[in-house]
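Q: Throughout, the working numbering is defined as the position within the sequence shown, counted from one, plus 11.
Beta carbons: idealized from backbone N, C-alpha and C, even for Gly.
The structure under discussion is supplied below as structure tokens; questions concerning it will follow.
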Amino acid sequence: MSQADPADPVEKKPGAQPVKLAIWIGIGTVSLIVGIILLAQFAIGAWGSRSLENDPGMAPEALARRIAPVAKLQLEGKTAVAPAPAARPKVATVAAVAPAAAPAKSGKAVYDTACMACHATGAAGAPKLGDKAAWAPRLKAGMDALYASSLKGKGAMPPKGGNTALADADVKAAVDYLVAGSK
Numbered sequence: 012m013s014q015a016d017p018a019d020p021v022e023k024k025p026g027a028q029p030v031k032l033a034i035w036i037g038i039g040t041v042s043l044i045v046g047i048i049l050l051a052q053f054a055i056g057a058w059g060s061r062s063l064e065n066d067p068g069m070a071p072e073a074l075a076r077r078i079a080p081v082a083k084l085q086l087e088g089k090t091a092v093a094p095a096p097a098a099r100p101k102v103a104t105v106a107a108v109a110p111a112a113a114p115a116k117s118g119k120a121v122y123d124t125a126c127m128a129c130h131a132t133g134a135a136g137a138p139k140l141g142d143k144a145a146w147a148p149r150l151k152a153g154m155d156a157l158y159a160s161s162l163k164g165k166g167a168m169p170p171k172g173g174n175t176a177l178a179d180a181d182v183k184a185a186v187d188y189l190v191a192g193s194k
């Protein structure tokens with residue numbers, strides 16, 4: 012007994028109705044193109060030719076309020092540097108204090124922070140701390156030459172061991188520490 016199959020012929024053969032398939036592909040393509048165009052319009056702000064000329068937020072007074080400084084600093088005995096905005100804020104007065112001189116660092120402290128990376132390992136040909144043979148030719152040149160090399164740099168060694176914030180006296184103390192440990 013052969014009986015007709017009640018299943019939909021589209022389910023068995025997707026290509027049985029090419030017109031429906033073409034319609035759905037067309038609808039999808041048109042929807043995608045319209046979506047891209049709308050997204051582009053939104054992204055560039057092209058919803059009409061909106062002019063900012065008459066916008067109250069773009070008035071010179073409104074712009075001045077938005078970009079006005081939020082505060083002014085006035086040192087004692089000096090006049091304020093920032094121009095006064097529309098509403099005058101209260102100005103804090105700060106007494107000027109001279110910076111205190113930094114205390115001198117010990118030679119070992121400077122060596123530990125700036126010199127150890129190269130002079131403990133011998134990196135880039137740097138003479139190691141305690142290596143008398145490597146330090147002998149440098150000591151023959153004299154302490155002034157060693158100070159000048161450490162302050163101005165020599166070969167791969169940058170000026171002041173790469174820490175230009177160090178005072179000259181601190182660098183000289185580090186040189187003295189290295190020389191004392193290598194005699």
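Measuring straight from C-alpha to C-alpha, what distance separates V190 and L86?
A: 47 Å
Q: Along the chain, where does the alpha helix (DSSP H) containing Q28 start, and where does it finish?
A: No alpha helix (DSSP H) holds Q28; DSSP gives it neither H nor E.
Q: Once you ignore the five residues that flank A141 on each side, which residues in its own chain have a CB closer than 7 Å to its CB?
A: Position check: residue 141 holds Gly in this sequence, whereas Ala was assumed. Annotation for G141: G192, S193 place their beta carbon closer than 7 Å to its own, counting only its chain and skipping 5 residues before and after.
Q: Strictly by DSSP, which residues pair up with K165?
A: Per DSSP, M168.
Q: Can you have a look at K163 and say buried or exposed, based on whether 16 or more other CB atoms are within 10 angstroms of its CB?
A: exposed
Q: Going straight from the alpha carbon of G172 to that of Q52, what length do you get?
A: C-alpha separation (whole angstroms): 58 Å.
Q: Using only alpha-carbon positions, find the residue among W146, A176, Q28 that is nearest to V121.
A: For V121, the nearest C-alpha among the options comes from A176.
Q: Which residue's Cα is closest to the Cα of V186: G166, K119, A134, A135?
A: Selected option, being the one with the closest Cα: K119.
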